[in-house]
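Just below is one structure, and these are the notes that go with it.
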Ligand code: IPE
Ligand code: IPE
Ligand code: MG
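So this is what it looks like as structure tokens:
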């Protein structure tokens with residue numbers, strides 16, 4: 001599924017958009033102001049990823065565990081989601097972005113569910129970039145729901161069968177995972193899919209994550225050697241194949 005992407009652009013970038021609350025606190029603003037600025041940062045990041053030829057962007061917007069926040073913050077995040085979804089659709093269409101919401105929708109209100117479905121439908125014909133917004137998503141939830149699907153189908157439980165039943169089966173595994181906000185943890189994001197993903201942590205708070213910070217992360221990715229269990233010598237030998245040399249000589 002994944003290939004050695006040395007010197008290449010990542011095909012799939014995933015982001016844990018963390019640090020909205022701290023961004024707001026530093027400015028003596030309510031946490032909601034940080035989340036609102038987070039939407040601005042996401043808009044900027046989506047546009048930059050489209051321009052750079054990234055095929056898939058997957059962002060973590062609300063985790064299974066975020067229900068543990070004060071009820072007021074949870075409900076303002078739900079309202080912000082509906083508002084942002086309605087507002088952003090025209091720009092997504094203009095930029096050729098197909099939107100998917102990934103996560104357990106059952107716990108979301110009928111109004112939120114309807115907004116998500118309608119935005120997905122409105123961008124369904126776009127094909128320049130896929131944007132997966134993980135909302136009420138958790139890696140453990142995903143693995144459990146995939147295992148249930150495979151078991152119910154009666155198929156043997158193989159890696160491939162689980163992979164196909166996961167909520168992100170429509171995209172390849174992420175090549176690069178960025179976490180803003182300085183924490184060095186995964187927080188239940190993409191537990192299965194990040195098996196061989198390159199990780200990049202930055203102290204920048206999500207609302208501050210600008211195009212320069214994105215380019216830095218992409219540059220760091222390009223400097224990495226992805227080995228997928230092989231030795232470095234094997235990777236380097238495969239980089240200059242005889243066929244490549246003949247192409248270069250021609
Ligand atoms: C990330 O920012 C957004 C969500 C989890 C919804 P936070 O709200 O976690 O911001 P910090 O970590 O408190 O700064
Ligand atoms: C992770 O951020 C989830 C999202 C960005 C949506 P959190 O702020 O919820 O993560 P923890 O609780 O600090 O690990
Ligand atoms: Mg946080």
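Numbering (the working numbering), first residue to last: 1 to 250.
For each residue, glycine too, the CB sits at the ideal point set by N, CA and C.
Distance cut-off 8 Å: residue 61 Cβ against heavy atoms of ligand 1: Counted from its first residue, the chain shown places residue 61 at position 61. Indeed, a heavy atom of ligand 1 lies less than 8 Å from the Cβ.
Simplified DSSP state of residue 212, which is helix, strand or coil: By 1-based counting over the chain shown, the position of residue 212 is 212. The answer is helix: DSSP assigns residue 212 an H, G or I state.
If we count the other Cβ atoms within 10 Å of its Cβ and call it buried at 16 or more, is residue 111 buried or exposed? Along the chain shown, read from residue 1 onward, the residue named residue 111 stands at position 111. Looking at its Cβ environment, which holds fewer than 16 other Cβ atoms inside 10 Å, residue 111 is exposed.
Where does residue 79 fall in DSSP's three states? For the purposes of this step, residue 79 is taken as the residue at position 79 of the chain shown. If DSSP states are grouped into helix, strand and coil, residue 79 belongs with the helices.
Suppose you measure from the CA of residue 207 to the CA of residue 233; what does that come to, to the nearest Å? The residue you call residue 207 lines up with position 207 of the chain shown. The residue you call residue 233 lines up with position 233 of the chain shown. Approximately 41 Å between the Cα atoms of the pair.
Exposure label - residue 87; buried when at least 16 CB within 10 Å: Residue mapping note: residue 87 aligns to position 87 of the chain shown, counting from 1. Exposed is the call here.
According to DSSP, is residue 95 part of a helix, a strand, or is it coil? Within the chain shown, residue 95 is the residue found at index 95, counting from 1. Of the three classes helix, strand and coil, the one that applies to residue 95 here is coil, per DSSP.
Just to confirm, does residue 138 get its C-beta within under 8 Å of one of the non-hydrogen atoms of ligand 1? Taking the chain shown and counting its residues from 1, the one referred to as residue 138 is at position 138. Result no, Cβ not under 8 Å from ligand 1.
Measuring only the C-alpha atoms, how far is residue 220 from residue 13? On the chain shown, position 220 is the one that residue 220 refers to. On the chain shown, position 13 is the one that residue 13 refers to. Each residue's alpha carbon lies about 13 Å from the other.
Pairwise C-alpha distance: residue 29 and residue 192: The residue labelled residue 192 in the question sits at position 192 within the chain shown. The residue labelled residue 29 in the question sits at position 29 within the chain shown. Their backbone Cα atoms lie some 36 Å apart in a straight line.
Here's the rule: buried if 16 or more other CB atoms are within 10 angstroms of the residue's CB, otherwise exposed. What is residue 228? As a position in the chain shown, residue 228 is number 228, starting the count at 1. So residue 228 ends up on the exposed side.
List the whole-angstrom C-beta distance separating residue 197 from residue 176, where the pair is believed to meet the contact cut-off of C-beta under 8 Å. Here the question's residue 197 lines up with position 197 in the chain shown. Here the question's residue 176 lines up with position 176 in the chain shown. Contact flag correct, Cβ pair sits at about 7 Å.
Across the region 167 to 176 and the region 44 to 53, are there enough close Cβ pairs to call them in contact, namely three or more that are closer than 8 Å? no
Reducing DSSP to helix, strand and coil, say where residue 240 ends up. Residue mapping note: residue 240 aligns to position 240 of the chain shown, counting from 1. Of the three classes helix, strand and coil, the one that applies to residue 240 here is coil, per DSSP.
Counting Cβ pairs closer than 8 Å, one from the region 94 to 114 and one from the region 129 to 141, do we hit at least three? yes
Range of the contiguous alpha helix (DSSP H) that encloses residue 43: As a first step, residue 43 is located in the chain shown; it is residue number 43 there, counting from the start. Element bounds for residue 43: 31 to 51.
Best match in 109, 200, 78 and 125 for proximity to residue 16 [C-alpha to C-alpha]: One-based indexing of the chain shown puts residue 16 at position 16. Of the listed residues, the one whose Cα sits closest to residue 16 is 200.
Distance between beta carbons of residue 39 and residue 80, contact taken as under 8 Å: As a working note, residue 80 is residue 80 in the chain shown. As a working note, residue 39 is residue 39 in the chain shown. Their Cβ separation, rounded to whole angstroms, is 7 Å, which keeps residue 80 and residue 39 in contact under 8 Å.
Which residues mark the beginning and the end of the alpha helix (DSSP H) in which residue 150 is found? For the purposes of this step, residue 150 is taken as residue 150 along the chain shown, with counting starting at 1. Unbroken alpha helix (DSSP H) run through residue 150: 139 to 153.
Looking at the strands, I want to know which residues DSSP matches up with residue 221. Taking the chain shown and counting its residues from 1, the one referred to as residue 221 is at position 221. In the DSSP output, where bridge partners are listed per residue, residue 221 has none listed.
Residue 124: first and last residue of the uninterrupted alpha helix (DSSP H) it sits in: Locating residue 124 in the chain shown gives position 124, counting from the first residue. Note, residue 124: premise wrong, no alpha helix (DSSP H); not H, not E.
Could you give the residue range of the alpha helix (DSSP H) that holds residue 191? Position 191 of the chain shown holds residue 191. Premise fails: residue 191 is in no alpha helix (DSSP H) and is neither H nor E.
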